[in-house]
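A.B. asks: Note that my numbering has the sequence shown beginning at 1356, numbered continuously upward. What follows is a structure written as C-alpha cells; I'll ask about it next.
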Amino acid sequence: MISVRRTIRIPLSETVSRLPQPSPVWLVLMDPKSTAQLELTFACEPVLSHGTFPFDRGRDNALGERTLVSVPPCGSEVLPVTRVRPKLSTDLGLLYETDCFNLFAALKPDSIDCVFADPPFNLGKDYGRGPMKDTLKKHEYLKWSFAWIDECVRVLKPGAALFIYILPQWGYHLASHLDERNMLFRHWIALSMKGTFPRGRKLYPAHYALLYFTKGEPKAFNHVRLPIPACRHCGKDIKDYGGHRKYLNPLGLNLTDFWEDTAPARHQKFKTRWHINELKPMIAERCIQISTVKNEIVCDPFGGGGSTFEAAQRLGRYWVGTEISTGAAIRDRFKRHFPTVRRTLPQHLAAVFKSPDPTFCLSLS
Ligand SMILES: C[S@@+](CC[C@H](N)C(=O)[O-])C[C@H]1O[C@@H](n2cnc3c(N)ncnc32)[C@H](O)[C@@H]1O
C-alpha cells in the first residue's frame, strides 16, 4: 500500500454545505492559525467527506475558520500513523500543544472525573497568537465559550465536576448555559482579586468567580480544611470564635465559598510565564481535592503555565490537557518542580481517548 502524507484544510462552512452523506469517518477540527500542525499519514488517498460534526448545535466558529479533516475508512486497516504527539508526558499526565477542540474531539464521552478550566477572558491579551484572538465580540466570545463548555459536559463522567475560573461579567452567562445543559449548580466561589482599581462609574471589582457545577449529583465531595488562621507576628488566633475555639476541628476550618488566600502571583519572579495570568496551583488543587479521589482523571483545556497539571501531579491524579500556544513553560515547571518524575507513558489515560483515535498519540515518540 502506498503511504501518502498530507495535511488537509478546508473552511468548515464550505465543507458542511458541499459534502455528501454522513459516513463514519474520523475527523479533526482545528484552528488553522494554531501552531499545532496535524500530520496524518494515510495508507490510501484521503477523500473529504462529512462526518459527525461534534459541534452540532448551530454554533459557528468564534475564533474564525476551523478546519475539518476527515478521513474515509478505506478499509478497516487504514490508520493514521503520524499523530498529534504529547509535548510532555509523565507517569500521570499528558500535555498536548493544540486547540482544546482538537483534544476534546479525541476524548470519549463520560471519561473525565474533573475539568478545571481557566479560559482567556477576552481582555485583549496576547497568548502568543496576537491580541485579536482575545478580542472577540461579546456574542462570539460566548458562542466560543458555550462550545468548549458543551465539550466539557460531554467528556465528564456522570457526577463529575466542572470548575470554571472566570470574570463575573462572563460567569453569569456561563452559569446560565450550564444550567441549560442540565448541569447541577454547586457553588459560585468568590476568589478575592487584589490590586485592581474602580473603572468609570463602577464599583471596585474585588472578586473572580469560580463556577462549580457537577454532571448530576456529585459522585464525590471531599471536605477540604484550612489551617485555623493565626497572626503571623505573635502566632495567636486572629479570631476568638465567640468562645467556641475549643470546639473547632483540630484539622482546621471547613473551606467556604469565599477564598481570600488565592490572589494570583503578580510579580514576574513568582510566575512561570510572567506575561500570562497564571493561577496559584492552590486553586486547582482545592477543586481537585473537593471533587476527585486518587488515580482519577483531571482535564484542563487551557493549560497556560500548567498550574492545574502541577496540582494534579502532586495529588496523585491522572491529568490530560492542552495549551494552544506553547507548552514550554509547563515543561519548565515540571523540570523544576518534579525533577525526578518519570517521563513514562500513563497507560491509564488510554481509556479516555476514542478508539481508534484519529489524532492523538500517547507516546512522545
Ligand atoms: C488564563 S490562561 C490559563 C492559565 C493557567 N490556568 C495557569 O494557571 O497557568 C489561558 C490559556 O489558554 C490558552 N488558550 C487560549 N485559547 C485556547 C484554545 N482554543 N485551546 C487551548 N488553549 C487555549 C492561552 O494560550 C492561555 O495560555
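Ideal Cβ placement from N, Cα and C applies to all residues, glycine included. The model shown is predicted, which means the values in this text are computed figures rather than measured ones.
(1) Going by the beta-carbon positions, is the gap between CYS1716 and VAL1510 smaller than 8 Å?
(2) Could you give the first and the last residue of the continuous beta strand (DSSP E) run that contains LYS1512?
(3) Kindly list the residues whose CB is nearer than 7 Å to the CB of ALA1575, restricted to its own chain and excluding five residues on each side of it in sequence; keep chain order.
(4) Judging by CA-CA distance, which residue of ALA1667, ASP1454, ILE1685, PHE1552 is the nearest neighbour of ASP1499?
(5) Closer than 7 Å: is that where the CB of TYR1482 sits relative to any heavy atom of ligand 1?
(6) I need the DSSP call for SER1718, collapsed to helix, strand or coil.
(7) Classify THR1677 as helix, strand or coil using the three-state DSSP reduction.
(8) Under a three-way DSSP split, which group does THR1453 fall into?
(9) Please list, in chain order, all residues of the same chain as LEU1700 whose beta carbon is under 7 Å from its beta carbon, the five residues on each side excluded.
(10) What are the start and end residues of the alpha helix (DSSP H) that includes LEU1670?
(11) With a threshold of 16 other CB atoms inside 10 Å of the CB of SER1531, please say whether the residue is buried or exposed.
(12) Could you tell me if ARG1333 is buried or exposed, where buried requires 16 or more neighbouring beta carbons within 10 angstroms of its beta carbon?
(13) So, at 7 Å on beta carbons, what are the nonlocal neighbours of HIS1630 in its own chain, with the 5 sequence-adjacent residues on each side left out?
(14) Is SER1718 near ligand 1, with its Cβ less than 7 Å from a heavy atom?
(15) Return the residue from the list ARG1556, SER1547, ALA1516, PRO1584 that minimises the CA-CA distance to LYS1297.
(16) Could you say if the region 1582-1597 and the region 1557-1570 meet the contact criterion of at least three C-beta pairs nearer than 8 Å?
(17) By Cβ distance below 6 Å, which residues in the same chain neighbour ASP1465 in space, the five residues on each side in sequence not counted?
C.D. replies: In brief:
(1) In the sequence shown, the residue the question calls residue 1716 occupies position 361. In the sequence shown, the residue the question calls residue 1510 occupies position 155. Taking 8 Å as the Cβ cut-off, CYS1716 and VAL1510 do not qualify as a contacting pair.
(2) Along the sequence shown, read from residue 1 onward, the residue named residue 1512 stands at position 157. Residues 1511-1521.
(3) Here residue 1575 corresponds to residue number 220 of the sequence shown, with the count starting at 1. Correct list, in chain order: SER1646, THR1647, VAL1648.
(4) In the sequence shown, counting from the first residue as 1, residue 1499 sits at position 144. In the sequence under discussion, the amino acid at residue 1499 is Trp, which differs from the Asp named in the question. Answer by Cα proximity: ASP1454.
(5) One-based indexing of the sequence shown puts residue 1482 at position 127. Checking every heavy atom of ligand 1 against the Cβ of TYR1482, one is found closer than 7 Å.
(6) Translated into the one-based positions of the sequence shown, residue 1718 becomes position 363. Residue state, collapsed to three classes: coil.
(7) Position 322 of the sequence shown, counted from the start, is the residue given in the question as residue 1677. Reduced to three states, the DSSP call for THR1677 is strand.
(8) Within the sequence shown, residue 1453 is the residue found at index 98, counting from 1. Of the three classes helix, strand and coil, the one that applies to THR1453 here is coil, per DSSP.
(9) Position 345 of the sequence shown, counted from the first residue, corresponds to residue 1700. Excluding sequence neighbours, LEU1700 sits near SER1444, LEU1717, SER1718.
(10) One-based indexing of the sequence shown puts residue 1670 at position 315. 1662-1670 is the extent of the alpha helix (DSSP H) around LEU1670.
(11) Indexing the sequence shown from 1 puts residue 1531 at position 176. Its Cβ having fewer than 16 others within 10 Å, SER1531 is exposed.
(12) It is not possible to answer for residue 1333, since the shown part of the chain is limited to 1356 through 1720.
(13) Within the sequence shown, the letter at position 275 stands for residue 1630. Here HIS1630 scores only 48 on pLDDT, less than 50, and its place in the model is too uncertain to base an answer on.
(14) Translated into positions along the sequence shown, residue 1718 becomes position 363. Not so, every heavy atom of ligand 1 lies at least 7 Å from the Cβ.
(15) Any question about residue 1297 goes unanswered here, given that the chain covers just 1356 to 1720.
(16) no
(17) Residue numbering aside, residue 1465 sits at position 110 when the sequence shown is read from its first letter. If we look at ASP1465 and ignore the five residues flanking it on each side, its Cβ neighbours are LYS1512.
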